[in-house]
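Before any comments, here is the structure.
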Amino acid sequence: MKVVRIVFFFFAIAVIAAPVWWYISADINEKEFDEDEPDMPMSVKMSKEEYFQLRNEHLDLLRGYDTAKQDSRTRAVRKMEQAELELASRRAVEGAPAAQQWRPLGPAPLPISASVSNSGRVSAIAVHPTNPNIVYVGTAQGGLYRTLDGGTTWTPLMDDALTLAIGAVAIAPSDPTTVFVGTGEAALCGSGCFIGVGLYRISNADTNPVLSQVMNKDAGGADVFTGRAVGEIIVHPTDPNIVFAGTTTGVAGIGQGTGGATLPNAGLYRTTNAMSADPRFTKIAIAGTLGANRSVVDLGIEPGNPNRMVAAVIGSGGDGGVYLSTDALAPTPTFARTLTTGDGTTLGRTEFAVNKTGSVITIYAATGTANGTLFKSTDGGSTFNPAGGGTGFCSTQCFYDIAVEVDPTDANRVYLGGSPSLVFGRSTTGGTAFTNSATGLHVDTQAFALAPSNPGIMYFGSDGGIWKTGDVRAAGAIAWTSLNNTTFSATQFMGLALHPTDRNYLLGGTQDNGTEFLAPDGATWVRSDGGDGGFAAIDQNATTPTNVVAYHTYFNQTTSQVGFERAIATEPNGDPFWSSFQGCRNGTSNNGILCGDAVLFYAPLVRGPGTPNTIYYGTNRLYRSIDTGTTMTDVSGTLPARIGAIAIAPQDDNVRLVGLTSGQVFLSTTAGATTMTNVTGAIPARYIGRIAIDPTNANVAYVGLNGFGLAAGQHVWKTTNLLTGAPAWTPAGTGIPDTPTNALAIDPANPQIIFAGTDIGVFRSENGGASWQPFSNGLPRVAVFGMEFQALHRVLRIATHGRGIYEYTF
12 MKVVRIVFFF FAIAVIAAPV WWYISADINE KEFDEDEPDM PMSVKMSKEE
62 YFQLRNEHLD LLRGYDTAKQ DSRTRAVRKM EQAELELASR RAVEGAPAAQ
112 QWRPLGPAPL PISASVSNSG RVSAIAVHPT NPNIVYVGTA QGGLYRTLDG
162 GTTWTPLMDD ALTLAIGAVA IAPSDPTTVF VGTGEAALCG SGCFIGVGLY
212 RISNADTNPV LSQVMNKDAG GADVFTGRAV GEIIVHPTDP NIVFAGTTTG
262 VAGIGQGTGG ATLPNAGLYR TTNAMSADPR FTKIAIAGTL GANRSVVDLG
312 IEPGNPNRMV AAVIGSGGDG GVYLSTDALA PTPTFARTLT TGDGTTLGRT
362 EFAVNKTGSV ITIYAATGTA NGTLFKSTDG GSTFNPAGGG TGFCSTQCFY
412 DIAVEVDPTD ANRVYLGGSP SLVFGRSTTG GTAFTNSATG LHVDTQAFAL
462 APSNPGIMYF GSDGGIWKTG DVRAAGAIAW TSLNNTTFSA TQFMGLALHP
512 TDRNYLLGGT QDNGTEFLAP DGATWVRSDG GDGGFAAIDQ NATTPTNVVA
562 YHTYFNQTTS QVGFERAIAT EPNGDPFWSS FQGCRNGTSN NGILCGDAVL
612 FYAPLVRGPG TPNTIYYGTN RLYRSIDTGT TMTDVSGTLP ARIGAIAIAP
662 QDDNVRLVGL TSGQVFLSTT AGATTMTNVT GAIPARYIGR IAIDPTNANV
712 AYVGLNGFGL AAGQHVWKTT NLLTGAPAWT PAGTGIPDTP TNALAIDPAN
762 PQIIFAGTDI GVFRSENGGA SWQPFSNGLP RVAVFGMEFQ ALHRVLRIAT
812 HGRGIYEYTF
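Those letters in the sequence shown? Residues 12 to 821, per the numbering used here, in order.
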């Protein structure tokens with residue numbers, strides 16, 4: 012029996028500017044996973060902040076938001092919805108049966124151990140004021156979930172919204188059946204946190220929910236939220252018409268800054284008619300920032316008195332900090348800075364917790380100052396002093412991981428969370444000292460919330476999903492229960508790979524939660540390997556689930572890690588035995604991949620034909636292997652940018668196409684080629700999301716483009732003369748709106764049928780790309796990052812970036 016050992020060492024130095032490094036042993040003798048592990052790959056030393064920056068830069072490239080078209084995504088969704096209505100109407104007229112639905116496969120949940128299960132990133136939590144079993148949970152790209160039974164079962168409430176990226180959730184205190192939801196993730200992780208479109212109001216939220224139209228306009232009708240993220244929502248305690256919302260930046264990518272800065276300024280906004288059919292918002296100046304772009308990541312009010320408000324401002328030019336108002340309901344409120352924090356996301360990030368006992372108003376401000384400093388005010392925010400405990404609690408990822416909460420009946424009982432140095436800490440001494448009580452939790456703390464009617468109950472959210480405890484006040488260890496169950500799905504996949512003969516066998520890399528394996532029984536999910544999973548590939552010569560040769564990537568970084576993991580044996584159930592990293596680690600290469608290559612965070616890895624399948628890996632060079640990755644040969648020379656997509660002709664290993672982050676396409680078609688030719692032609696300069704070559708005709712190829720801001724029909728391009736070496740490309744995307752196209756798949760039995768995975772769902776062409784129609788029946792409005800067609804069993808599977816894996820059977 013195989014023994015695999017993965018040992019994680021992590022050290023946190025709680026001093027100003029001290030980096031946090033994770034060391035993960037490459038010794039593999041036993042397959043174990045620590046539920047508290049950071050989402051770092053094997054054997055690599057890197058600061059977590061740099062890690063997030065690289066990951067988010069990759070996702071930025073995938074989406075490339077064009078600021079000249081603020082509502083590009085919204086318009087794309089509306090066009091898709093109109094096309095779906097027309098399709099449904101046509102089917103009804105023709106008497107056609109109802110369209111088949113996509114089937115979700117999970118993982119829901121993803122089991123980590125016998126007692127721990129994970130899901131994807133939870134970004135916001137709101138607990139009902141009188142019923143601790145009613146909870147609303149926002150996720151990174153999985154939408155909003157509701158439970159009525161304390162987390163035993165979950166129901167998604169916003170699957171048809173314009174976006175499933177959630178940044179804030181608030182229940183109206185005077186009418187708990189009304190819930191306000193802020194879209195766009197506000198964790199300040201660039202476009203790794205998807206942008207939003209504004210606020211939604213859910214009426215009858217705990218019975219028969221009704222979702223409003225998106226709320227994002229000012230008095231003049233201008234959109235003041237789309238392209239930003241909502242960090243916090245405050246609802247007036249007695250009047251749900253009065254709502255405050257803090258917005259943050261949340262846009263980056265290829266097109267950033269093109270066409271002029273047309274995005275609305277981030278800041279503090281207020282509406283006084285939130286319950287109307289057409290709410291309007293007004294931007295509120297905070298100390299002279301009315302016309303400025305300042306992220307407001309959190310807000311807090313005095314219980315029962317919304318006139319006293321604190322706002323956390325990410326500054327610029329020295330104006331970052333905590334600002335206090337005592338007239339927040341006034342027509343023109345005034346704010347004064349009472350605590351200075353640094354500018355920029357890491358130093359300026361601040362989250363609040365507020366308690367009022369008698370006349371004493373205690374405010375805790377958890378800041379990014381000095382790798383995490385907790386400040387405390389006992390005069391309602393007029394003055395702040397360090398609390399003394401929890402120093403360094405968020406380490407070098409304070410821009411991403413901060414959460415704080417205070418018991419509503421005891422101001423000395425405060426809870427704090429951040430990076431692995433303090434995933435979840437408790438203090439009974441007003442923050443002077445904390446006890447870490449995080450056993451069973453996933454790291455990267457995002458949010459937690461006490462039940463107002465029973466402050467012994469707490470819900471905890473992180474990059475691994477949602478947890479609960481009923482004894483947060485206990486003197487001893489806390490017993491955390493995972494609420495990641497069969498009804499909660501939020502896993503963020505980057506891609507997938509299918510077995511050639513087994514219908515169910517699947518591998519897929521996920522953000523934050525490793526590389527996952529779906530066993531041949533079609534129901535059992537296993538976290539096959541740790542780290543931040545990316546691309547995966549399975550050699551198509553496999554005849555059974557247990558003779559598999561498989562590959563997957565972790566993250567990549569120049570000189571630190573450039574390469575992939577390989578498995579040439581499996582567990583009895585087919586789970587790959589990941590036994591050797593192929594490539595460069597910490598300055599040393601074992602297979603010819605150069606350590607100095609420029610490389611994407613999620614570097615592409617694909618297979619070609621042959622026995623064994625050839626393996627290709629992309630940096631700013633294309634590498635090829637004929638011996639399962641043991642030796643990699645440069646077959647392109649240095650290219651002008653990093654490779655984002657690779658396609659090899661299934662019938663001819665010599666036909667190779669790569670797409671670059673710069674939007675260029677390079678080709679080689681001859682045996683023994685060691686260079687490639689630029690064949691971009693008329694293709695617009697956008698990040699190349701995917702490339703597909705017709706499995707029956709190597710002359711035919713398709714290119715999918717990411718980003719926004721393209722003309723109609725230009726997100727897919729086609730050539731029919733690839734083998735000439737100088738292909739002519741023509742637009743072949745009519746019917747696909749202006750939205751990033753991240754994945755392509757061709758039906759091997761009928762190559763005229765093509766599928767495209769986009770940021771808003773799936774499209775299908777039945778005529779070789781001449782026209783496309785929506786093909787998302789049963790899918791939430793979620794981004795699709797990968798797809799693959801299993802020919803033998805006629806199954807198409809897709810990897811969504813927020814709701815796991817889905818399949819469609821033909």
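Glycine included, each C-beta is placed from N, C-alpha and C at the ideal position. Here the structure is a predicted model, which is why all the values come from computation and not from measurement.
C-beta atoms of residue i and residue j nearer than 9 Å
i: residue 551; j: residue 618; result: yes
i: residue 173; j: residue 785; result: no
i: residue 189; j: residue 213; result: yes
i: residue 842; j: residue 237; result: Past the boundaries of the shown model lies residue 842; the chain is included only from 12 to 821, so the question cannot be answered.
i: residue 626; j: residue 705; result: no
i: residue 84; j: residue 719; result: yes
i: residue 807; j: residue 796; result: no
i: residue 376; j: residue 395; result: yes
i: residue 674; j: residue 699; result: yes
i: residue 476; j: residue 132; result: yes
Counterpart residues of residue i in DSSP-defined beta bridges
i: residue 238; result: Per DSSP, none; premise fails for residue 238.
i: residue 381; result: Looking at the DSSP assignment, residue 381 forms no beta bridge with any residue, so it has no partner.
i: residue 507; result: According to DSSP, which records beta bridges pairwise, residue 507 is partnered with nothing at all.
i: residue 593; result: 575
i: residue 688; result: 678
i: residue 228; result: 234, 291
i: residue 341; result: DSSP, once it has assigned bridges, lists no residue as partnering residue 341.
i: residue 129; result: 121
i: residue 711; result: Partner(s): none; residue 711 has no beta bridge.
i: residue 479; result: 470, 492
i: residue 776; result: 765
i: residue 186; result: Beta-bridge pairing links residue 186 to no other residue.
i: residue 568; result: 572
Outcome for residue i when other beta-carbon atoms lying within 10 angstroms are tallied against a minimum of 16
i: residue 93; result: exposed
i: residue 524; result: buried
i: residue 81; result: buried
i: residue 761; result: exposed
i: residue 538; result: buried
i: residue 371; result: exposed
i: residue 104; result: exposed
i: residue 129; result: buried
i: residue 273; result: exposed
i: residue 221; result: exposed
i: residue 811; result: buried
i: residue 108; result: exposed
i: residue 750; result: buried
i: residue 143; result: buried
i: residue 380; result: buried
i: residue 679; result: buried
i: residue 102; result: exposed
i: residue 330; result: buried
Proximity test, residue i beta-carbon vs the ligand ADP heavy atom, cut-off 8 Å
i: residue 205; result: Absent from the structure shown: the ligand ADP. Ligands present: none.
Evaluate the contact criterion for the region 113-127 versus the region 454-471: three or more CB pairs, one atom per stretch, below 8 Å. The answer is no - the region 454-471 does not touch the region 113-127, with fewer than three Cβ pairs under 8 Å.
Would you call the region 512-524 in contact with the region 796-807, where contact means no fewer than 3 C-beta pairs closer than 8 Å? Yes, the region 512-524 is in contact with the region 796-807.
Any contact of the region 607-617 with the region 538-558, i.e. 3+ C-beta pairs under 8 Å? Counting Cβ pairs under 8 Å, three or more are found: they touch.
Suppose only complete runs of 3+ residues qualify. What are the beta strand (DSSP E) ranges in the region 413-469, listed by chain order? Correct list: 414-418, 421-428, 436-438, 456-462.
Do three or more CB pairs link the region 588-604 to the region 646-657 at distances below 8 Å? Output reads no: the region 646-657 does not touch the region 588-604.
If contact is defined by three or more beta carbon pairs under 8 Å, each pair taking one atom from either stretch, is the region 179-186 in contact with the region 237-253? Judged by Cβ distances under 8 Å, the region 237-253 makes contact with the region 179-186, as three or more pairs qualify.
I want to know whether the region 631-642 touches the region 593-603 - three or more CB-CB distances under 8 Å. Below 8 Å, enough C-beta pairs join the region 631-642 and the region 593-603 to call them touching: three or more.
If contact is defined by three or more beta carbon pairs under 8 Å, each pair taking one atom from either stretch, is the region 288-301 in contact with the region 355-366? Short answer: they don't touch.
Unbroken stretches of the beta strand (DSSP E), 3 residues or longer, contained in the region 253-334: Annotation: the region 253-334 contains the following complete segments of the beta strand (DSSP E) (minimum length 3 residues), in chain order: 254-259, 279-282, 291-295, 306-313, 316-325.
Length at least 3, wholly inside the region 353-378: the beta strand (DSSP E) runs in chain order: Within the region 353-378, the runs of beta strand (DSSP E) that reach at least 3 residues and sit entirely inside it are, in chain order, 361-368, 371-378.
At which residue ranges does the region 721-747 contain complete alpha helix (DSSP H) runs of 4 or more residues, listed in the order of the chain? For the region 721-747, not a single whole alpha helix (DSSP H) run of length 4 or above is found.
For the structure I just gave you, are there three or more beta carbon pairs, one from the region 481-492 and one from the region 550-566, closer than 8 Å? In this structure the region 481-492 does not touch the region 550-566; the number of beta carbon pairs closer than 8 Å is below three.
Check whether the region 652-661 touches the region 685-695, taking contact to mean three or more Cβ pairs, one atom from each stretch, closer than 8 Å. Because the criterion of three Cβ pairs below 8 Å is not met, the region 652-661 and the region 685-695 do not touch.
Are there three or more Cβ pairs, one per stretch, closer than 8 Å when the region 563-570 is compared with the region 135-153? Counting Cβ pairs under 8 Å, fewer than three are found: no touch.
Start-end ranges of the beta strand (DSSP E) lying completely within the region 615-657, minimum 3 residues: Assignment of beta strand (DSSP E) within the region 615-657, counting only whole runs of 3 or more residues, yields 616-618, 626-629, 633-636 in chain order.
Cβ pair count under 8 Å reaching 3, the region 449-458 against the region 427-441: Under the three-pair Cβ rule at 8 Å, the region 449-458 counts as touching the region 427-441.
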